[in-house]
Amino acid sequence: MATASIGIGALWAQSDIVIKCVAAGLLAMSIASWYVIVTRAFSQWRERARANRVARLFWLAPTLAEGAQAIGGDAQENAYVDLARTALDASAQHERATQAGRTPPALTDWLTRALHECIARRQTRVQSGLPLLATISSTAPFIGLFGTVWGIYHALMTIGATGQASIGEVAGPVGETLVMTAFGLAVAIPASLAYNALLRGNKTAIGTLSGFGFDVLDAIVAGERLDGQHEAIQHDAPRHATRLGARGLQAEAA
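Take -12 as the starting number for the sequence shown in our numbering and just add one per residue.
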């Protein structure tokens, strides 16, 4: 049990500027890691809920453009809206280039490139904060260990100067400095566990987003999804006032 001379308060009172800086640094790292953990976990939960909503709404719409409107939201915030609009815009750009007499790549290759770029942007965005967690989980134990070593050195120098080397005099200061190692581990362990969990969640989210994107590609190019349902998908082509069915899409792709 802590007394007036033993405890965290005594450690802080008798520590020098180095130990105080180490403790403040570990506290800042802990706050930063928990901020990333909470915000990224909430973002992943929201994306999972959004994916289920997209599955219900997007493919029930009669056209892809109406499907993008049905899932709603800002393209900057909603990855599925961004992906659907990217695919539709790329399809329209390909058609304009063809009408202008230019020879763009095949529609499938054109759309695949656009989708890959969109997914890559989203992947970069969802990984924000993870490098910080990786850095904290790998460095916090060593920072805490540095604080322990420095604290023990400082305590032993004080004991040597006073000439008091009994176990009672040594145990308190040395034991208190070992708390710095515990602080480092307390910061690093949650960051490490959260990093692995968030990384796994990001891979799942990107995989789901990729599947949605290439379902949209199939719908534009072939007029139906290649997911076993084989639903005919209509697409609003810019040069037509009417909606195109599967045959129109296939002819346009050719």
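By construction, the Cβ of each residue, glycine as well, lies at the ideal position given by its N, Cα and C atoms.
- Boundaries of the alpha helix (DSSP H) harbouring F29: 4 to 44, taken from the DSSP string.
- The beta carbon of S124 lies closer than 7 Å to those of A175, A178, S179, Y182 in the same chain, with the five residues before and after it left out.
- DSSP, read as helix, strand or coil, puts T90 in coil.
- In the DSSP annotation of this structure, the continuous segment of the alpha helix (DSSP H) that includes L51 starts and ends at 51 to 58.
- Taking the C-beta atoms as reference points, W97 is found nearer than 7 Å to A77.
- Listed in chain order, the non-local C-beta contacts of S197 below 7 Å within the same chain comprise I106, local neighbours out to five positions each way being set aside.
- With respect to the C-alpha of R43, the residue from G59, F129, S30 having the closest C-alpha is G59.
- Our two residues, M167 and A10, have alpha carbons roughly 7 Å apart in a direct line.
- In this structure, the CA atom of T26 is about 11 Å from the CA atom of L185.
- Going by C-alpha positions, V68 is about 17 Å away from T99.
- Across the structure, G194 and R40 are spaced so that their CA atoms are roughly 16 Å apart.
- The shortest C-alpha to C-alpha distance from A101 to any of A55, D3, F170, A71 is the one to A71.
- Going by beta carbons, V113 and N189 fall inside the 7 Å limit.
- With a cutoff of 7 Å on beta-carbon distance, V23 and L119 are scored as near each other.
- The DSSP-derived three-state label of E104 is helix.
- Secondary structure at A48: coil, using DSSP grouped into helix, strand and coil.
- At a Cβ-Cβ threshold of 7 Å, L75 and V208 do not count as neighbours.
- The shortest CA-to-CA distance from Y140 to any of T122, M16, I18, V161 is the one to V161.
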